[in-house]
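The opening residue of the sequence shown carries number 6 in the working numbering; numbering runs sequentially from there.
Glycine included, C-beta positions come from ideal geometry on N, C-alpha and C.
All of these numbers come straight from a predicted model, not from anything done at the bench.
Reading through the structure tokens given below for one structure.
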Amino acid sequence: MLVGEGPGAEEDLRGEPFVGQAGKLLDNMLSAIGLKRGDDVYIGNAVKCRPPHNRTPEKAEIAACRPYLERQIELVRPDLLVALGRPAAQALLDAEVSIAAARGKLFEHGGTPVVVTYHPAYLLRNPQDKAKAWEDLCFARRFMRERVRRD
Ligand code: URA
6 MLVGEGPGAE EDLRGEPFVG QAGKLLDNML SAIGLKRGDD VYIGNAVKCR
56 PPHNRTPEKA EIAACRPYLE RQIELVRPDL LVALGRPAAQ ALLDAEVSIA
106 AARGKLFEHG GTPVVVTYHP AYLLRNPQDK AKAWEDLCFA RRFMRERVRR
156 D
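Below, the structure written as structure tokens:
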């Protein structure tokens with residue numbers, strides 16, 4: 006299960022997460038590791054309403070939406086949670102984290118493993134970090150494969 010930040014204008018209109026440019030990049034990244042949203046991956050957001058002018062959600066907004074996200078996690082029962090960007094990492098880890106410092110590590114949310122990586126919209130603005138996001142996805146995929154082998 007991937008967790009993003011919150012709906013943008015297009016997502017708000019369509020009622021679906023990641024349907025804009027960032028979503029296209031996300032789909033391509035998933036496809037590069039053989040995954041397809043809907044089939045293999047569920048996508049949710051840390052906040053459920055679009056913050057005014059697309060600003061970053063505030064702590065209180067993340068906290069207000071947390072029960073909704075928790076229920077999604079409870080229903081999906083994912084093997085792995087991937088936080089896309091800082092607000093998602095904050096929502097899942099209940100702590101202030103820097104993506105640069107947290108990537109490549111394994112965290113945990115209510116017993117479910119969590120990894121963090123850059124948000125695809127950040128990658129559109131900072132393509133020099135795409136290689137790091139690729140490493141993070143490979144880390145997530147490796148973790149999933151090892152888990153399947155263990156079970
Ligand atoms: N960015 C997000 O974090 N979530 C979306 O659904 C769309 C863009």
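| Query | Result |
| --- | --- |
| 8 Å contact criterion, which Arg42 and Asp32 should meet: CB distance rounded | 6 Å |
| Asp141 and Arg108 closer than 8 Å at C-beta | yes |
| Short CB-CB distance (under 8 Å) between Gly25 and chain B | The chain labelled as chain B is not found in the depicted structure, where only one protein chain is given. |
| Contact the segment 94 to 109 vs the segment 119 to 135: 3+ CB pairs below 8 Å | yes |
| Local conformation of Ile48 per DSSP, three classes | strand |
| 8 Å Cβ cutoff met for Val119 and Ala96 | no |
| Beta-carbon spacing of Gln77, Gly49 below 8 Å | yes |
| Neighbourhood of Asn59 by C-beta, 8 Å cutoff - its chain only, sequence neighbours within 5 removed | Gly13, Ala14 |
| Which residues DSSP lists as bridging Leu86, in chain order | Val119 |
| Backbone CA spacing between Arg147 and Arg154 [nearest angstrom] | 11 Å |
| Whole-number beta carbon distance between Val52 and Gly115, since they are thought to touch under 8 Å | Not really, about 19 Å apart at Cβ, beyond 8 Å. |
| Whole-angstrom distance between Lys29 and Ile67, CA atom to CA atom | 25 Å |
| Contact test: Leu89 Cβ vs ligand 1 heavy atom, cutoff 7 Å | yes |
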